[in-house]
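What follows is one structure encoded as structure tokens, with my remarks underneath.
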Amino acid sequence: MGYQSFNESKGDSDSLGKLAAIQLPEDLTGLKVLDLGCNEGYFCAEAIRRGATYVLGIDANPELIEKAKIRVPSANFYCASWWDIPNIEFDVILFLSAIHYEQDQKALLQKIKHNLTKTGILILECGAVQELGEEWHIIERHDGYVTFPSFGMIMNTLLDGYAVRDLGRSVSQSGDPLPRYVFHCKRLNPTIVFVKGESYSGKSVFTREFAKLGCRVIHLDSFPNYQATFKSDKFLGYLKNVFENCDHDVIKIVNTIVSDGRVDEYT
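8 is the number of the first residue of the sequence shown in my numbering; add one for each residue after it.
Here you go:
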């Protein structure tokens with residue numbers, strides 16, 4: 008008996024139930040999908056059925072890869088480590104019931120982040136200890152002792168640099184020592200937050216909280232006087248013209264600098 012369940016054969020895993028739990032987008036038309044630890048290719052086949060134009064499955068077990076190639080001939084399969092992801096950006100990356108085998112889980116998740124498109128999504132399914140603290144737990148499974156993270160470790164450390172949506176419990180599998188959870192994760196992309204208000208309304212106090220978290224804060228009312236932070240005197244002349252042409256309107260000023268592609272000249 009195999010691990011994944013297909014129409015003609017039942018495996019150890021409830022693949023159909025897991026498919027519902029991970030909430031794979033219904034429409035994958037034109038997208039690229041990567042399945043890490045793909046086993047015999049069940050989710051690769053589903054991605055193709057939903058319209059994905061390029062599907063890659065990676066697994067370190069050569070026997071499973073050969074079976075996957077037969078089951079899903081329209082997908083691509085590599086027998087390799089999940090550290091050997093090709094230099095391709097994917098719209099959807101599946102990492103299901105496998106990360107507990109990895110010793111350096113944080114490093115792997117950070118690597119995976121660079122293989123996502125700007126709008127791409129990592130669907131992570133993994134076991135976790137229901138604790139908000141950031142702890143590792145050594146848990147005995149049927150195949151030996153495995154290290155599992157606490158819920159707080161996943162959200163605050165392992166998925167650092169991701170925007171994370173917790174989808175709750177996945178399906179229960181026989182032999183699981185812990186409940187599995189599903190997370191939809193996206194790369195954090197740069198965001199500009201404008202804080203406006205009257206003088207002494209608390210703007211500076213509020214934005215200092217962002218600064219404490221490592222966010223860059225620019226006080227735009229004194230923006231043109233920050234000469235020491237500009238890379239060149241030439242940029243100062245450009246900035247002076249922008250301020251005058253935009254009538255000192257903060258939103259117009261920032262939008263103009265961004266649209267002109269000159270953000271990097273301000274450090």
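In this text, a Cβ means the ideal position worked out from N, Cα and C, and glycines have one as well.
Tell me which same chain residues have a C-beta within less than 6 Å of the C-beta of residue i, skipping the five on either side of it?
i    : result
Q234 : Only weak support is given to the placement of Q234: the predicted model assigns it a pLDDT of 47, under 50, and the question is left unresolved by the model.
D256 : none
V40  : A54, A59, V62 and V99
H144 : V136 and F155
R269 : none
F50  : D42 and L101
A27  : none
T36  : G58
K259 : C253
F175 : Reading off the sequence shown, one finds Gly at residue 175, where the question assumed Phe. None.
Identify whether residue i lies in helix, strand or coil by the three-state DSSP scheme.
i    : result
R57  : coil
C192 : strand
S206 : coil
S16  : strand
A235 : Its pLDDT being 45, under 50, A235 is placed unreliably in this model, and the coordinates cannot settle the point.
L31  : coil
N46  : coil
G24  : helix
C253 : coil
V224 : coil
V200 : coil
Could you pull out every residue in the same chain whose Cβ sits closer than 7 Å to the Cβ of residue i, ignoring the five residues on either side in sequence?
i    : result
M162 : V171
M202 : For the record, residue 202 in the displayed sequence is Val; it is not Met. These residues qualify, in order along the chain: K210, F213 and T214.
H121 : none
H159 : The amino acid at residue 159 is misidentified as His; the sequence shows Gly. E138, L139, G140 and E141.
F217 : V224
L165 : Q112, K113, L116 and P156
E109 : L115
Report the partner residues of residue i according to the DSSP bridge assignment.
i    : result
K39  : Y61
F217 : DSSP, once it has assigned bridges, lists no residue as partnering F217.
F242 : None; F242 has no bridge partner.
R187 : G134
Once you ignore the five residues that flank residue i on each side, which residues in its own chain have a CB closer than 8 Å to its CB?
i    : result
G204 : K210
So does the stretch 148-165 actually touch the stretch 88-104, counting three or more Cβ pairs closer than 8 Å? no
Of all the alpha helix (DSSP H) runs that stay within the bounds of the stretch 67-155, which reach a length of 4 or more residues? 69-78 and 112-120
Is the stretch 125-144 close to the stretch 64-71, with three or more CB pairs under 8 Å? The stretch 125-144 makes no contact with the stretch 64-71: fewer than 3 CB pairs, one atom from each, lie closer than 8 Å.
Residue ranges of each beta strand (DSSP E) within the stretch 154-184, 3 or longer: 169-176
Taking 8 Å as the cut-off, does the stretch 114-128 touch the stretch 177-193 (at least 3 CB pairs, one atom from each stretch)? yes
Please determine if the stretch 78-87 and the stretch 100-108 are in contact, where contact requires at least 3 C-beta pairs separated by less than 8 Å. Note that the stretch 78-87 does not touch the stretch 100-108; fewer than 3 beta-carbon pairs, one per stretch, sit closer than 8 Å.
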